[in-house]
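Residue numbers (this note's numbering), protein chains in the order written: chain A, 1245 to 1389; chain B, 1245 to 1389.
Below: the structure, in structure tokens.
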DNA sequence: TTCGATGCAAATAGTTTGCATTCTA
DNA sequence: TAGAATGCAAACTATTTGCATCGAA
């Protein structure tokens, strides 16, 4: 699992792929965008410098990187999927009312993962994981307000 | 939260709605299908007796029932959402390799929910919840086989 | 007889795919 | 210069919506 842009590009090449300016720009965008970018967000970042890049190319590169294990995507409820580097993989808490995304703290996740492995032989993947519910604000506010 | 078809239909009527044969059939289908039916699965069950029912009608009724709090839907990874009665709401474990859906045991879920409430002020909803990872079989089998 | 429910078809959102062209190695 | 990567447009899947008609209460 690579920890800098060049290392990911190297892995791409090592797997028989080629390094293009679009791929370089997308990998950089993944490192620069700290949050939970959608394919469209990433496309916009890449297109800032390379206006002619197609959405489908973004999807294809993300797919390639996912197969290499460098990227993961998650469906946070409705709407488009979000992508992030595998090295930055973390479990998510998504508020179904306001859409707020928080990270699930490591300790709680580890406790859950360990317990699921033990009781149900299920190995949870941290990256592709989202728990929905209500955030603090929405939980304390009367429903539908 | 109703526990039999008639009670749900009664709630529908009490909220200003009308009881039609399609609605009756769909509510029955929800009770009959014990698993994780998609809107299409439910449409097929209803259409067995009422061939002219439109998919959009199924979506609309499910939406109505969801607003009444009688039904919940969940996105289990890719593909269509699955629906179930609120009374049968339970957390899911989805295998991202083979698609197997298991139920998460109550005790583990409760432990997680309680801990999240305490540490992150997040109130998890049992129904709309899915943890992805690898099931026992897929975890022990080498990747990509 | 009124207003909610429905069928049908078209619209939408997100993503994938086919194919001719371009460019890396 | 071979084969991978890309742009473009069309296809696709899941779901929603507009509108005229139908039917429950």
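Cβ coordinates follow ideal geometry from the N, Cα and C atoms, glycine included.
What did DSSP end up calling residue i once you bin it into helix, strand or coil?
i                       : result
residue 1374 of chain B : strand
residue 1381 of chain A : helix
residue 1388 of chain B : Caution applies to residue 1388 of chain B, whose pLDDT of 44 falls short of 50 and renders its modelled position unreliable; the value that the coordinates give is listed next. In this structure, residue 1388 of chain B counts as coil in the three-state DSSP scheme.
residue 1394 of chain A : Since the displayed chain A opens at 1245 and closes at 1389, residue 1394 of chain A lies outside it and no answer follows.
residue 1300 of chain A : helix
residue 1341 of chain A : coil
residue 1352 of chain B : helix
residue 1282 of chain A : strand
residue 1263 of chain A : coil
residue 1311 of chain B : helix
residue 1359 of chain B : helix
residue 1287 of chain B : helix
residue 1292 of chain A : coil
residue 1270 of chain A : helix
Should residue i be counted as a contact of the ligand FAD given a C-beta to heavy atom distance under 7 Å?
i                       : result
residue 1257 of chain A : By its list of ligands, the structure shown contains no ligand whatsoever, and the ligand FAD lies outside what it can speak to.
Whole-angstrom Cβ separation of residue i and residue j, contact assumed at under 8 Å?
i                       : j                       : result
residue 1327 of chain B : residue 1345 of chain B : Not confirmed; about 13 Å, so no contact.
residue 1353 of chain B : residue 1377 of chain A : Contact flag wrong, Cβ pair sits at about 12 Å.
residue 1294 of chain B : residue 1266 of chain B : 6 Å
residue 1357 of chain B : residue 1368 of chain B : 5 Å
residue 1302 of chain B : residue 1271 of chain B : Not confirmed; about 12 Å, so no contact.
residue 1287 of chain A : residue 1297 of chain A : 7 Å
residue 1308 of chain A : residue 1256 of chain A : 7 Å
residue 1320 of chain A : residue 1274 of chain A : In fact, because the Cβ distance is near 17 Å, the residues do not count as touching under 8 Å.
residue 1247 of chain B : residue 1349 of chain A : Their Cβ separation, rounded to whole angstroms, is 37 Å, which puts residue 1247 of chain B and residue 1349 of chain A out of contact at 8 Å.
Going along chain B in order, which residues have a C-beta closer than 7 Å to the C-beta of residue i?
i                       : result
residue 1383 of chain A : 1367
Output yes if chain B places a C-beta closer than 8 Å to the C-beta of residue i; else output no.
i                       : result
residue 1282 of chain A : no
residue 1247 of chain A : no
residue 1324 of chain A : no
residue 1329 of chain A : no
residue 1360 of chain A : yes
residue 1266 of chain A : no
residue 1301 of chain A : no
residue 1346 of chain A : yes
Sort out for me which residues DSSP pairs residue i with in a bridge.
i                       : result
residue 1316 of chain B : B/1328
residue 1367 of chain A : B/1378
residue 1250 of chain B : BP columns for residue 1250 of chain B are empty, so no partner.
residue 1346 of chain B : B/1337
Verify the CB distance criterion: does residue i have a CB-CB separation below 8 Å to chain A?
i                       : result
residue 1417 of chain B : Nothing can be reported for residue 1417 of chain B: it is not among the residues displayed for chain B, which extend from 1245 to 1389.
residue 1389 of chain B : Bear in mind that a pLDDT of 41 at residue 1389 of chain B, under 50, signals an unreliable position, so the number given afterwards is only what the model happens to contain. Not one chain A Cβ lies under 8 Å of residue 1389 of chain B.
residue 1336 of chain B : no
residue 1317 of chain B : no
residue 1349 of chain B : yes
residue 1341 of chain B : no
residue 1356 of chain B : yes
residue 1291 of chain B : no
residue 1257 of chain B : no
List the residues of chain A that residue i touches, going by C-beta distances under 7 Å, in chain order.
i                       : result
residue 1377 of chain B : 1366, 1367, 1368, 1369
Using the beta-carbon of each residue, which ones in chain A are nearer than 9 Å to residue i?
i                       : result
residue 1274 of chain B : Here the premise fails: no neighbours, minimum Cβ distance about 21 Å.
Against residue i, what residues of chain B qualify as contacts under a CB-to-CB distance less than 9 Å, listed in chain order?
i                       : result
residue 1380 of chain A : 1364, 1365, 1366, 1367
Report the neighbours of residue i on chain B: residues whose CB is nearer than 8 Å to its CB, in chain order.
i                       : result
residue 1306 of chain A : What residue 1306 of chain A touches in chain B: nothing, since even the nearest Cβ is about 15 Å away.
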